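**Q**
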Amino acid sequence: MKKEAGPTPWVRIESRNEPEQMFVGENEAYEQSAKKYDITIEEVKRMINMDAWQEARKIYKINDETKEYKEWRKQNKILKEKAKSLLDEFYKDREVRKDIKLRIENNPEGDFEIHNGKYAYEYIKNEDEYDPEKLSLKRREKIENQLKEYQVEMLAFTEFLKKKYFEH
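Numbering-wise, my numbering comes out as the position in the sequence shown, counting from 1, plus 82.
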């Protein structure tokens with residue numbers, strides 16, 4: 083299950099061809115749960131019926147990851163090391179505040195994200211707080227101002243990558 087995005091620019095990076103199944107027997111567990119709840123397998127996978135999805139997850143989560151998924155994770159680790167070296171190069175002579183600095187964050191699925199605004203995620207404690215309509219005007223303005231700073235930093239990294247790879 084992918085996490086929701088926070089109030090910062092971000093990019094998720096993953097190797098091509100993510101295997102359909104993360105765990106051995108995953109599809110069979112989805113099928114079993116779909117039959118029990120009289121819904122489609124797709125409805126279980128997409129968590130339309132959360133009880134059905136959780137039940138299927140309990141079944142397959144005890145199994146090992148598939149050989150294909152383990153290989154996909156290895157490829158993602160290689161990509162992550164490359165991304166880390168690019169960020170290190172980008173920040174070699176660049177000083178920015180900690181909350182603006184781009185960082186790499188692993189996702190449990192095996193992929194990773196590059197984003198900034200480390201502290202911007204802290205205010206999201208539940209879905210209500212993430213709803214801009216329910217935030218105070220002062221807090222909303224602060225987030226909007228931070229977002230502009232975060233966007234400038236992400237754009238600078240984008241320009242660094244363009245120059246490195248496309249402007250020889």
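We put the beta carbon where it would ideally sit given N, CA and C, even for glycine. All values reported here derive from a predicted model rather than from experimental measurement.
Using 8 Å as the threshold, is the segment 157–170 in touch with the segment 101–118, meaning 3 or more CB pairs across them?
**A** The segment 157–170, when compared against the segment 101–118, does not touch it at the 8 Å Cβ threshold.
**Q** Among residues of its own chain, excluding the 5 on either side of Q233, which ones have a beta-carbon nearer than 8 Å to its beta-carbon?
**A** Looking up residue 233 in the sequence shown gives position 151. Counting only Cβ-Cβ distances below 8 Å, and skipping sequence neighbours, we find P91.
**Q** Could you give the uninterrupted runs of the alpha helix (DSSP H) lying entirely in the segment 94–128, keeping only those of 4 residues or more?
**A** Runs of the alpha helix (DSSP H) inside the segment 94–128: 108–119, 123–127.
**Q** Go through its chain and collect everything with a Cβ distance to A238's Cβ below 6 Å, but skip five positions before and after it.
**A** One-based indexing of the sequence shown puts residue 238 at position 156. There are no such residues.
**Q** If you count every other CB in all the chains shown that lies within 10 Å of the CB of F248, and 16 or more means buried, which is it?
**A** Stepping through the sequence shown from its first residue, residue 248 is reached at position 166. The residue is exposed, with fewer than 16 neighbouring Cβ atoms inside 10 Å.
**Q** Is N198 helix, strand or coil when you go by DSSP?
**A** Position 116 of the sequence shown, counted from the first residue, corresponds to residue 198. Residue state, collapsed to three classes: coil.
**Q** Taking all protein chains shown into account, do 16 or more other C-beta atoms lie within 10 angstroms of the C-beta of V126, making it buried, or fewer, making it exposed?
**A** Translated into the one-based positions of the sequence shown, residue 126 becomes position 44. With 16 or more Cβ atoms within 10 Å of its Cβ, V126 is classed as buried.
**Q** Quick check on L184: buried or exposed, where buried means 16 or more other Cβ atoms within 10 Å of its Cβ?
**A** Translated into the one-based positions of the sequence shown, residue 184 becomes position 102. It counts as buried.
**Q** Would you give the residue range spanned by the alpha helix (DSSP H) that E137 belongs to?
**A** Numbered from its first residue, the sequence shown carries residue 137 at position 55. Residues 132–142.
**Q** Whole angstroms is fine: what's the gap from A165's alpha carbon to R176's?
**A** For this step, residue 165 is matched to residue 83 along the sequence shown. For this step, residue 176 is matched to residue 94 along the sequence shown. Roughly 17 Å separates the two Cα atoms.
**Q** Start and end of the beta strand (DSSP E) containing N188?
**A** The count along the sequence shown starts at 1 and reaches residue 188 at position 106. Residues 185–188.
**Q** Buried or exposed for M236, please, with buried defined as at least 16 other CB atoms from any protein chain shown within 10 angstroms of its CB.
**A** If you number the sequence shown from 1, residue 236 lands on position 154. Label assigned to M236: buried.
**Q** Kindly confirm or deny that the segment 101–114 and the segment 138–152 touch, where touching means at least three C-beta pairs closer than 8 Å.
**A** Short answer: they touch.
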